Amino acid sequence: MDGESEADAPTDKDDVEDAPERGPLRRCIVTRESGPKEAMLRFVLGPDRLLVPDLAAKLPGRGFWLSARADVLERALSRGGFAKAARGPVQIPPDLRLRIEDGLKSRIRDHLGFARRAGQAVCGWQAVKEWLLAGRVGLLVEAADGSAAERGRLLGRREVPMVTPLPAVELGGIFGREHAVHVALSPGRLAETVAREAARLAGFAPA
């Protein structure tokens, strides 16, 4: 045995290559577990069989899906998971993990920008506090390098969905400020999208 468990070994009956990209679920080529496609990562083969992260899941071609976790990616790389799924050689970019992380952060920044321009997001302690008091917050986006104690004072006993995907400097840039620690989004599709992207990014956070 080479260290692969029975669950890791592909079988003719359960070959991920033959899994159609239909319906709401996708199957991870490493864990063989199925999950909603929005919570997973899709990859396709580009020219010269170069592996390309397709974070928007819109590029043409057959996709290879992974659970959005750093350990799953490492297993796919160390055990030749992509080559097995593709049934042929695959060129892996040396900075694949960085491309994934940067791509997810870019998607979060883009959707926060959409929310700001649509009037569905505010930043700053006072503005966020007012939205919280008015019950207008669907998602709280806190700076990754912000103070947990200050965050607690802002929230009080309120139970509001919260993510911490970006540092204060990056959040501030979205709102034309040097930095922003507190951002609130109103309920809706944009808040749901930011929450999903932040969850995918969290899978790559340092242990």
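According to the working numbering, the residues represented by the sequence shown are 11 to 217, in order. Where a beta carbon is used, it is the ideal one built from N, C-alpha and C, also for glycine. If you're wondering where the values come from, they're calculated on a predicted model, not measured in any experiment.
Lys105, buried or exposed, once every other Cβ within 10 Å from all chains shown has been counted against 16: The question names Lys, yet the displayed sequence has Asp at residue 105. Exposed: under 16 other Cβ atoms inside 10 Å.
Val204, enclosing alpha helix (DSSP H) - first and last residue: Taken as a continuous stretch (DSSP letters only), the alpha helix (DSSP H) holding Val204 covers 199 to 212.
DSSP three-state assignment for Glu16, whether helix, strand or coil: Below a pLDDT of 50, predicted positions are generally treated as unreliable, and Glu16, at 34, falls in that range; no measurement from the model is reported.
Touching by the beta-carbon criterion (3+ pairs, under 8 Å), the stretch 114 to 130 and the stretch 173 to 183: By the Cβ rule, the stretch 114 to 130 counts as touching the stretch 173 to 183, because three or more pairs are nearer than 8 Å.
Cα-Cα separation, Gly113 to Phe214: Their backbone Cα atoms lie some 12 Å apart in a straight line.
Three CB pairs or more closer than 8 Å across the stretch 144 to 154 and the stretch 78 to 94: Too few Cβ pairs lie closer than 8 Å, so no.
Three-pair Cβ contact test at 8 Å for the stretch 37 to 53 versus the stretch 67 to 75: Contact between the stretch 37 to 53 and the stretch 67 to 75 is established, with three or more Cβ pairs separated by less than 8 Å.
Contact under 9 Å by Cβ, Leu142 with Val170: A contact, by the Cβ cut-off of 9 Å.
Of the residues Ala208, Gly129, Ala205, the one placed nearest Phe185, counting alpha carbons only: Of the candidates Ala208, Gly129, Ala205, Gly129 places its Cα closest to the Cα of Phe185.
Reduced DSSP secondary structure (H/G/I, E/B, other) of Thr195: What sits at residue 195 in the sequence shown is Leu, not Thr. Taken through DSSP and simplified to helix, strand or coil, Leu195 comes out as strand.
Cβ shell of Leu51 (< 6 Å), same chain only, five flanking positions each side left out: So the list reads Leu76, Ala78, once near-sequence residues are dropped.
Nonlocal neighbours in the same chain, by C-beta distance under 6 Å from Ala80, ignoring five residues either side: A distance below 6 Å between beta-carbons, with the five flanking residues on each side excluded, links Ala80 to the following residues of its chain, in chain order: Phe214.
Spatially closest choice to Gly98 from Arg161, Gly162, Leu60, Cys38, by CA coordinates: Closest by C-alpha distance to Gly98, out of Arg161, Gly162, Leu60, Cys38, is Leu60.
Three-way DSSP call (helix, strand, coil) for Ser157 in this model: For Ser157, the three-state secondary structure derived from DSSP is coil.
Selected residue, minimal CA-CA separation from Gln101, among Arg107, Val62, Leu165, Arg206: Taking only the C-alpha atoms, the option nearest Gln101 is Val62.
Close beta carbons around Glu207, own chain, < 8 Å, minus the five adjacent residues each side: Listed in chain order, the non-local C-beta contacts of Glu207 below 8 Å within the same chain comprise Leu114, Arg117, Ile118, His121, Pro175, local neighbours out to five positions each way being set aside.
Euclidean distance between Cα positions of Leu164 and Trp135: About 8 Å.
N- and C-terminal bounds of the beta strand (DSSP E) containing Glu152: Note, Glu152: beta strand (DSSP E), 149 to 152.
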